[in-house]
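Residues -12 to 753 in our numbering are what the sequence shown spells out, letter by letter. Worksheet for the structure shown next.
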Amino acid sequence: MSVPTSLQRALLTAANALIPVAVLTFAVGFFPYKPFLPGLAEYGPSVYGSPPDAPFDKVVFMVVDALRSPNMVPKQVEMDGIVKQIYHAMETQLHLQSTLLVLCGDHGMNDGGNHGGSAPGETSPALVFMSPKLQDISKGLPCPVAPTREFDYYEKVEQSDIAPTLAGLLGFPVPLNNLGVFIPHFLQMWPKGDDQAQLLLRNAYQILQIVEATFPIAPFQDLSFLPKCESATSTGDELACKWLKVKDALENGGNQPPKAELIIGPALEFCRAAQEALSSTASNYNVTLLIVGAVLATASMALALAVISSGLFPTSTAGIFFALLTVLYGIMMFASSYVEEEQHFWYWATSAWYALIFVLKSRKTNVPRNVLPVAVLLLCHRITRRWNQTGQKYAGAPDIVHSVIMTHPVVLWSLVSITYIHITMRIKTHLTRRFPRTSQGRQLQTFAVGNTFLLCAVAFLFKLSFTARDAPELVRGASPGAMAFLESLNLVKLVRCIFIGSTVGVGWVVLRENAEGKGKSGGLIVDALHDFLALILLTQTRASNIPLFLLVRLQQHYLTQLNPSPAEHTLTSLLLAHTSFFALGNSNAISSIDLSNAYNGVSGYNIVGVGVLLFLANWAGPIYWTSASVLGLLDAARWSRGSAALRRVMREKELEKWKEVQRRDAASGKVAAASEPGHLPRLKSALEGVGEVEEVEGMWFRHFARLTVWVAGGVVAVMVACAVLRTHLFIWTVFSPKYLYAMAWAVGFHLVVSGAFGWAVWRVGI
């Protein structure tokens, strides 16, 4: 293949420059950021008179979060004691007799112990109002009680209903832009019907302002529309009819206020209907920005396609598989269930690709040679996909981590130990290379070995100490003294030693290789960088997932034995990056983000540091495969150079033989081609080259161009899906999180990791 032209380089640069512009433009239209939300801290004027006397003057609002550890039961007992203590004080202390205690959860949980989705268990937290005064309107409820439906026990209210209810109970107006409805059961706190009617009217007028802004052409103030309500079809007209019933009751009373029962029912009906309609209405999207963002992403994809269409991705089996993968992925983004279960797409695609590689390689070499590598790859892949059960449909189903690892800590730490021993031996090899065989050289070598073992021992000790605090069930069986020692260690200092030691180690290798390698040791430097990167990624990974890196290392080893082409390298790295992302327990739900390792080495407020660590923790697998793919490309480059040299040697030898045949036949008067008929095919083969050889210069360019097509195409699909389905029921629980992940993949992973980091490693290694 020819070297990329200046035009192709410019097109690829423009394509990648458009990606962050496109995703940010679409994000501004999809998630309108407002530094100040009007009505968040403002209250409506009391134009309908002073509110009725409030039964409470103080509120204690307690939000209980989840605690997933063996400490959960004692913590619940402690919280029960605190609630009991507060309630007892409300009963006995005079100044607390008008205090209201509100106890609620900020979210529920699904069967997998996560939250952030739309499952009933996640969206059904408990809510309790407590006060001695409430005994006047409630004589108690049976407890425990069976739910009528999933998590429906006593009465179900919306989260937004808390604000207007507290406003009424404490005697202040309902906050502007609030869609909540006063909980009717608390109306009994006011014996007078007029007070109850006024509370609901104030609530209704506040919601009416939002409804009129949302449906500006609906006749909310036109009483003449009331007879036409039976034929109302639009949501705005239906809400207008419900409000006109309230308005009609108010105006028909003349100077006298209408009876409370004529107001309470219609006002409550209007509030609930408006709440339901507005809650399901699409957000305040900026459709223009959505279109502009999608167009920019499409332009990026078109530019990248223009680049690879110029022979950078020739018609081949790998190219067809890549195109099919891109199209199927784009179609999948329009189905909420497929977005939630995206991991299965990558698991099956990777299995199919391994099988296809076996077929492709068996055509060129003998079949038995490829059986073992492909068999090991498929076996490792099978174990990987069962390591963590992710997604929503089968959340909580048995997997290797929960069925084997967490129930057998000895197995876990044996595998973790093997992983760290393996990485220790590899790092030792890098640090002890190129020392002179002198007394001073042996001393330096001993020093390097000692520091290698010290660095990796600190990394292993940090993981033990961190796990003892974060998941003590994984270190059960340890003696009390060992647990006390682990919990006494300073985690911040330990992890800083790992980061600093790894940086110094890479610097040591660079200095030694540049000094002793005479400028021809770039491949050895990037090998060392890859292993130090693996050590950092292990530090940022949960202990239960560390054994996965043994499988990843096995896959990397056996992939090199199959000698894939550069195009096959690109496709393999793309598949394994996404497979490893989901295999580590991630999904397209916000609830799957692992925050546990986001603060390693951070002792204060550091948003940039935490952000980088968070990305490393959740994209550890894809980052590893990015580095591994560059190493694979460097191997392909060395093979290409070797093949080119072999081609030149064969061509020279065959030409010399051909000239000798010509001289001999000229002397005897024979025709050269007829005298040695098998020579022409050999000469043709020598002149055409040994196998398919790709020019080294531009190999990285072609690799990144293919990845750009994939990323741009995926972003376009997600954008179009979010724009088209912006009124979908799951827009905020499925498609919105998917877009956030698409932003992270496109900007954080593609541009920073695959682009900047991958290019830097390539330049060092080449």
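Backbone N, C-alpha and C fix where the C-beta goes; we use that ideal spot for every residue, glycine too.
Residues of the same chain with a CB within less than 7 Å of the CB of Phe536, apart from the 5 flanking positions on each side, are Thr406, Ala521 and Leu525 in chain order. For Thr490, the secondary structure class from DSSP, reduced to helix, strand or coil, is helix. Met59 sits exposed, since fewer than 16 C-beta atoms from the chains shown fall within 10 Å of its C-beta. In the displayed model, Leu(-2) falls within a helix according to three-state DSSP. Exclusion of the five residues before and after Leu312 leaves Ala336 as the residues of its chain whose Cβ lies within less than 7 Å of its Cβ.
Between Thr152 and Tyr586, the alpha-carbon positions lie close to 39 Å from each other.
In terms of CA proximity to Leu441, Ser489 leads the group Glu329, Ser489 and Leu364. With fewer than three CB-CB distances shorter than 8 Å, the stretch 223 to 232 does not count as touching the stretch 131 to 148. Relative to Pro42, the option among Met66, Thr86, Ala4 and Val15 whose CA is nearest is Thr86. Checking the DSSP bridge columns, you'll see Phe116 partnered with Val89.
Bridge pairing for Val47: Leu88 [DSSP].
In the same chain as Ser111, and ignoring 5 residues on each side of it, the C-beta atoms closer than 7 Å to its own belong to Gly95 and Phe138, in chain order. Rounded to whole angstroms, the gap between the alpha carbons of Gly155 and Phe717 is 33 Å. For the pair Cys258 and Val168, the CB atoms are nearer than the 9 Å cut-off. In the assembly as shown, Gln72 is an exposed residue. Its beta-carbon has fewer than 16 other beta-carbons within 10 Å. With a cut-off of 8 Å on Cβ pairs, the stretch 461 to 472 is not in contact with the stretch 539 to 546, counting fewer than three such pairs. Taking C-beta atoms as the reference points, Leu249 and Ala236 count as a pair closer than 9 Å. Contact check for Val198 against Gly223 passes: the beta carbons are separated by less than 9 Å. The three-state reading of DSSP puts Arg136 in strand, counting E and B together.
DSSP, read as helix, strand or coil, puts Pro214 in helix. Where Phe159 is concerned, there is no enclosing alpha helix (DSSP H), because DSSP gives it neither an H nor an E.
When the alpha-carbon of Leu188 is set against those of Pro171, Phe202 and Pro203, the nearest one is in Pro171. Comparing C-alpha distances from Glu109 to each of His715, Met706 and Ser578 shows the shortest one belongs to Ser578. Excluding its 5 nearest sequence neighbours in each direction, Trp340 has C-beta neighbours in its own chain below 6 Å: Leu562, listed in chain order. Within the same chain, Trp606, Gly608 and Pro609 come within 7 Å of Phe568 by CB-CB distance, once the 5 residues on both sides are set aside. Assigned with DSSP and collapsed to three states, Thr528 falls in coil, not helix or strand. With a contact defined as Cβ atoms closer than 8 Å, Val354 and Ser531 miss out at about 38 Å.
Taking C-alpha positions only, Lys348 is separated from Leu582 by approximately 42 Å. According to the DSSP assignment, Glu142 belongs to no alpha helix (DSSP H), since it is labelled neither H nor E.
In the structure shown, Arg424 falls within a coil segment according to DSSP collapsed to helix, strand and coil.
A Cβ-Cβ contact shorter than 9 Å links Ala554 with Ser303. If you draw a 10 Å sphere on the C-beta of Gly700, you find 16 or more other C-beta atoms in it, and that means buried. The DSSP-derived three-state label of Trp177 is coil. Relative to Ala291, the option among His690, Leu712 and Leu727 whose CA is nearest is His690. When the Cα atoms are used, Ile580 and Glu329 turn out to be separated by approximately 16 Å. Under the three-state reduction of DSSP, Phe18 is assigned to coil, being neither helix nor strand.
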